[in-house]
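In the UniProt record's numbering, the protein residues as written are 1 to 255.
All C-beta atoms, glycine included, are put in the ideal place defined by N, C-alpha and C.
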C-alpha cells in the first residue's frame with residue numbers, strides 16, 4: 001500500500017510532511033520547521049516517529065527537530081555533503097542512495113541550487129516526491145548557494161519523474177508564484193485556470209501543496225524554459241534552456 005502522507009502547515013508559510021506506512025506502522029517526518037503542529041498531528045493519529053528526513057540545512061526546515069526528538073526516538077537522515085551544517089545525522093546519504101519507510105523505498109536525489117547540499121526524496125510506489133525548496137508549486141527556490149545552470153539541471157531531474165508524481169514542496173508561495181507566472185505566459189490557458197482555482201482555494205484557506213507534477217509541467221515557468229513559446233515570449237529564441245531559466249529566475253527575484 002502507498003504511504004499515507006499528511007501535510008502539516010508550520011510557521012507562517014512552511015510545510016512539513018508526515019509519511020506513514022500502515023502495514024509496518026513506521027512513520028517519517030520530512031523537515032521540521034517547528035515541532036508543535038507536527039507533534040499535535042502525530043498525537044491525534046497515535047503515531048510514533050521512526051525517521052526524520054531532512055532536505056537541507058536552512059533553519060526554517062530544521063529548527064523544530066530538537067523538540068520533536070524529545071518525545072520521539074527517531075533516526076535523522078540527511079545529505080552527507082551537508083553533514084557539517086545539518087543537525088547531527090544518524091544516517092548520511094548521497095545522490096542515488098535509498099531510504100525506507102516500512103515497505104516503501106525512497107530514492108535520494110541531489111538537487112543543488114537553492115543550497116549546495118539540497119536533496120529530494122522520491123517514493124515511486126507512493127507517487128510522491130518531497131522537494132522542499134527545489135521544485136515548488138508554480139515556482140522554485142531562490143538560487144542562494146548554487147548556480148543557475150545547476151538549479152536548472154536539478155529541476156530537470158525532477159521534471160523527468162513520472163508525470164503522476166505528486167510534488168510535496170516546502171512553502172505556501174503558490175498564489176504569488178501564480179501571479180508571476182502570468183507575466184511570463186499570460187495566454188497559457190492551463191495557467192489561467194490554475195490561478196483561478198488558487199484564488200478560490202486560498203479564500204477558503206485550503207493548502208495548495210502538494211501539487212501534481214503533470215500540472216507543474218503545464219504551468220510552472222521554471223520547468224518550461226525549454227518551451228519555444230516561453231523562449232519567444234522572452235525574446236530568447238536562440239538561448240539555451242538554462243539561460244532562459246536564469247532570466248526567469250532573475251525576473252522572479254525582482255518581482
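Report task. Alpha carbon to alpha carbon, how far is residue 46 from residue 59? Give it in angstroms, no decimals. Result -> Each residue's alpha carbon lies about 27 Å from the other.
Query raised in the report: Comparing alpha-carbon positions, which option in 34, 97, 81, 93 lies nearest residue 262?
Result: In the structure displayed, the chain extends from 1 to 255; residue 262 sits before or after that span and is not available.
Requested in this report: With DSSP collapsed to three states, give me the class of residue 244.
Outcome: Residue 244 falls in the helix class under three-state DSSP.
Query raised in the report: Who are the near neighbours of residue 182 in its chain, counting only those whose CB is closer than 6 Å to its CB and skipping five residues on each side?
Result: Hits under 6 Å: none found.
Report task. For residue 28, count neighbouring Cβ atoms within 10 angstroms of its own Cβ and tell me buried if that reaches 16, exposed if not. Result -> By the beta-carbon neighbour count (other beta carbons within 10 angstroms, threshold 16), residue 28 is buried.
Query raised in the report: Is it true that the region 100–112 meets the region 9–26, where meeting means three or more beta-carbon pairs spaced less than 8 Å apart?
Result: Contact between the region 100–112 and the region 9–26 is present, because at least three Cβ pairs lie under 8 Å.
Query raised in the report: With distances taken between CB atoms, is the gap from residue 147 to residue 57 smaller than 8 Å?
Result: When the beta-carbon positions are compared, residue 147 and residue 57 stay at least 8 Å from each other.
Requested in this report: Could you name the residues of the same chain whose beta carbon sits closer than 6 Å to that of residue 74, not counting the 5 residues immediately before and after it, in chain order?
Outcome: Cβ within range, chain order: 49, 50, 51, 52.
Query raised in the report: Cβ atoms of residue 209 and residue 165: under 8 Å apart, would you say?
Result: Not in contact: residue 165 and residue 209 (Cβ atoms no closer than 8 Å).
Query raised in the report: Leaving out the 5 sequence neighbours to the left and right, which residues in its chain are closer than 6 Å to residue 79 when beta-carbon positions are compared?
Result: Close CB contacts of residue 79 within its chain, under the 6 Å cut and outside five residues either way in sequence, are with 117, 119 (chain order).
Report task. Over the uninterrupted beta strand (DSSP E) stretch that includes residue 9, give me the two end residues. Result -> Residues 4–10.
Query raised in the report: If you draw a straight line from the alpha carbon of residue 180 to that of residue 228, how long is it in whole angstroms?
Result: Using only the alpha carbons, I get a separation of about 19 Å.
Report task. Scan the region 127–191 and note each continuous beta strand (DSSP E) run of 3 residues or more that stays entirely inside, going in chain order. Result -> Every beta strand (DSSP E) of 3 residues or more that sits fully in the region 127–191 is shown, in chain order, as 128–132, 166–169.
Query raised in the report: In the structure shown, what three-state DSSP assignment does residue 52 receive?
Result: Strand.
Report task. Indicate whether the contact test is met: 3 or more Cβ pairs, each with one atom in the region 125–143 and one in the region 102–111, closer than 8 Å. Result -> Segments in contact, yes.
Query - One or two residues paired with residue 255 in a DSSP bridge - result: Paired residue(s): none; residue 255 is not in a bridge.
Query raised in the report: According to DSSP, is residue 209 helix, strand or coil?
Result: In the structure shown, residue 209 sits in coil (DSSP, three-state: anything other than H, G, I, E or B).
Report task. Name the residue from 4, 126, 156, 31 whose alpha carbon lies nearest to the alpha carbon of residue 63. Result -> Residue 31 holds the alpha-carbon nearest to the alpha-carbon of residue 63 among 4, 126, 156, 31.
Query raised in the report: Between the region 244–254 and the region 214–222, are three or more C-beta pairs nearer than 8 Å?
Result: With a cut-off of 8 Å, the region 214–222 and the region 244–254 count as touching, because enough Cβ pairs lie within range.
Query raised in the report: Looking only at C-alpha atoms, which of 155, 217, 172 sits nearest to residue 188?
Result: Out of 155, 217, 172, 217 has the C-alpha closest to the C-alpha of residue 188.
Report task. Give the range of the beta strand (DSSP E) segment to which residue 28 is assigned. Result -> For residue 28, the enclosing beta strand (DSSP E) covers residues 27–30.
Query raised in the report: Candidates 198, 90, 107, 172: which alpha carbon is nearest residue 96's?
Result: Ranking the options by Cα distance to residue 96, first place goes to 107.
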